[in-house]
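Take the sequence shown: its letters are residues 3 to 115, numbered as in the working numbering.
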Amino acid sequence: MEIKTTIAALAALAQESRLAIFRLLVQAGPGGLSVGKIGAALDIPPSSLSFHLKELAHAHLVTSRQDGRFVIYSANFETMNALIAFLTENCCGGAPCSTHPSNVCSSVEEPPP
């Protein structure tokens, strides 16, 4: 992932409503949700929701598709995974990291044995 793309994605997520929308769409999975369901779930007025969805789409974090009368938004998992990979590519100084809490990289350097 390029730096400019990373910055755009992080900037889009650095706002409370957009972060909530993205998290909701991640939870919804690939099927996504209609604009109406997103607005109802998060209590965001249509005009604000439209603005936030546009910002997320501009950052390639969401995709949309027409389904009859409805517009369905889905999280763009490809972009999400690329962002996570970019942010963690040098985790633990290049050593393999584990997702288990006791094995993750610590922020304090361990003393040599």
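Virtual Cβ for every residue (Gly too), placed ideally from N, Cα, C.
Excluding the five sequence neighbours on either side, which residues of its own chain have a C-beta within less than 7 Å of the C-beta of residue i, listed in chain order?
| i | result |
| --- | --- |
| residue 111 | Bear in mind that the predicted position of residue 111 carries a pLDDT of just 47, short of 50, making it unreliable; the figure below should be weighed with that in mind. Closer than 7 Å at the Cβ level, and outside the excluded window around residue 111, lies no residue. |
| residue 88 | 3 and 8 |
| residue 40 | 23, 26, 51 and 75 |
| residue 85 | 3, 8 and 11 |
With DSSP collapsed to three states, give me the class of residue i.
| i | result |
| --- | --- |
| residue 67 | strand |
| residue 74 | strand |
| residue 95 | helix |
| residue 47 | coil |
| residue 114 | Note that residue 114 scores a pLDDT of 49, beneath 50, so its modelled location is shaky; the value from the coordinates is reported in the next line. Of the three classes helix, strand and coil, the one that applies to residue 114 here is coil, per DSSP. |
At what residues does the alpha helix (DSSP H) containing residue i begin and finish?
| i | result |
| --- | --- |
| residue 82 | 79-90 |
| residue 10 | 5-15 |
| residue 61 | Segment: none, residue 61 is in no alpha helix (DSSP H) and carries neither H nor E. |
| residue 40 | 37-44 |
Grab me the residues of residue i's own chain with a C-beta within less than 6 Å of its C-beta, minus the 5 sequence neighbours each way, in chain order.
| i | result |
| --- | --- |
| residue 36 | 72 and 74 |
Please go through the same chain and pick out, in chain order, the residues whose beta-carbon is closer than 8 Å to the beta-carbon of residue i, but skip the five residues on each side of it.
| i | result |
| --- | --- |
| residue 54 | 17, 19, 20, 23 and 46 |
- prompt: Do the region 74-83 and the region 47-66 touch if we need at least three Cβ pairs shorter than 8 Å?
  reply: Contact annotation: the region 74-83 touches the region 47-66, with at least three C-beta pairs closer than 8 Å.
- request: Could you tell me whether the region 43-61 touches the region 15-26, using the rule of 3 or more Cβ pairs below 8 Å?
  value: yes
message: Measuring CB atoms only, is the region 85-97 touching the region 34-48, in the sense that at least three cross pairs come out at less than 8 Å?
response: no
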